[in-house]
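In the working numbering, the protein residues as written are 86 to 311.
In this text, a Cβ means the ideal position worked out from N, Cα and C, and glycines have one as well.
These figures come from a predicted structure and were not determined experimentally.
Right, one structure below, let's go through it.
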């Protein structure tokens, strides 16, 4: 009887449910062969039900059937070509502050900078523009944005009051090294401002970046994205 019970268990290949387990324990302790017959009948019914149910992958029974390979195959990334690598990005905005020039003499002396813009953003009317702006123009833009926009406007490079004092032994704010440091600071400022999506809708920013002259009596407002 023990041999027949063991054979029945091995043929199932899956854990025995509680009713079959109870019959097995009773058959092992009782010489009545009817318990074994009940046990084998229960196992046979269980095996029949397993053959009629949908098949699912089971690591326990060693089956490998599963979903189609196409459903689980990892997508292969597209190889990047040289044209793709060096093509213009989908959206870009580049602003350079360069070519500082000092004009005038004595108290009428001042330095302005070229502000050059390149972009493909639809919010800007011109995709390539160049204007010249003084430090005071950058101050005007910052004040306008602080008043009308909802962004935190970054600071400008300092005004360097000490360099504007008389009787200095150098060129003060017209010193080449100072002008270069200021140029870098202004470039950093305008790129941070113009890169902000909310600031890009402000009329003052568009006037500053693309109009030849700044109309300080303009009517503040938003630019419609076309």
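Going by beta carbon distance, what residues of the same chain come within less than 6 Å of residue i, once the five residues before and after it are set aside?
i           : result
residue 287 : 234
residue 245 : 258
residue 277 : 239
residue 94  : Because the pLDDT of residue 94 is 44, which lies under 50, any placement of that residue in the model is unreliable, and the number read from its coordinates should be weighed accordingly. Around residue 94: no qualifying Cβ.
residue 96  : Since pLDDT at residue 96 reaches only 45, below the 50 mark, its modelled position is unreliable, and the value read off the structure follows with that caveat. Excluding sequence neighbours, residue 96 sits near nothing in its chain.
residue 306 : 288
residue 242 : 267 and 270
residue 309 : none
residue 229 : 289
residue 101 : Here the model assigns residue 101 a pLDDT of 46, short of 50, so the residue's position is not dependable, and the following value carries that caveat. Cβ within range, chain order: n/a, list empty.
Any idea which residues DSSP pairs residue i with across the strands?
i           : result
residue 303 : The partner list for residue 303 (beta bridge, DSSP) is empty, contrary to what the question assumes.
residue 195 : 188
residue 183 : 199
residue 219 : 197
residue 287 : 307
residue 178 : 204
residue 213 : 203
Can you name, in chain order, every residue of its own chain whose Cβ lies under 7 Å from the Cβ of residue i, other than the five neighbours on each side?
i           : result
residue 87  : Model confidence at residue 87 stands at a pLDDT of 45, short of 50, so the residue's coordinates are unreliable; what they give is reported in the following sentence. If we look at residue 87 and ignore the five residues flanking it on each side, it has no Cβ neighbours.
residue 176 : 205 and 206
residue 178 : 204, 206, 279 and 280
residue 302 : none
residue 262 : none
residue 322 : A query on residue 322 cannot be resolved here, the shown segment of the chain reaching from 86 to 311 and no further.
residue 169 : none
residue 304 : none
residue 130 : none
If contacts are defined as beta-carbon pairs under 8 Å, then residue i and residue j qualify, I think. What distance do you get, rounded to the angstrom?
i           : j           : result
residue 195 : residue 217 : Not confirmed; about 11 Å, so no contact.
residue 190 : residue 285 : Residue 190 to residue 285, Cβ: 39 Å. No contact.
residue 180 : residue 299 : Actually they are not in contact, since the Cβ atoms of residue 180 and residue 299 sit about 16 Å apart, beyond 8 Å.
Give a yes or no on whether the C-beta atoms belonging to residue i and residue j are separated by under 7 Å.
i           : j           : result
residue 193 : residue 204 : no
residue 202 : residue 271 : no
residue 199 : residue 214 : no
residue 283 : residue 236 : yes
Suppose the cutoff is 8 Å on Cβ atoms and the five residues either side in sequence are ignored; what does the same chain contact list for residue i look like?
i           : result
residue 250 : 257
residue 231 : 238
residue 260 : 248
residue 314 : There is simply no residue 314 to check, as the chain begins at 86 and stops at 311 in what is shown.
Can you check whether the C-beta of residue i is within less than 7 Å of a C-beta belonging to chain D?
i           : result
residue 188 : Given the protein chain composition of this structure (a single chain), no chain D is represented.
- prompt: If you pair each beta-carbon of the segment 265-278 with each one of the segment 171-191, do three or more pairs fall below 8 Å?
  reply: yes
- prompt: Hey, is the segment 209-225 in contact with the segment 289-298, meaning 3+ C-beta pairs nearer than 8 Å?
  reply: yes
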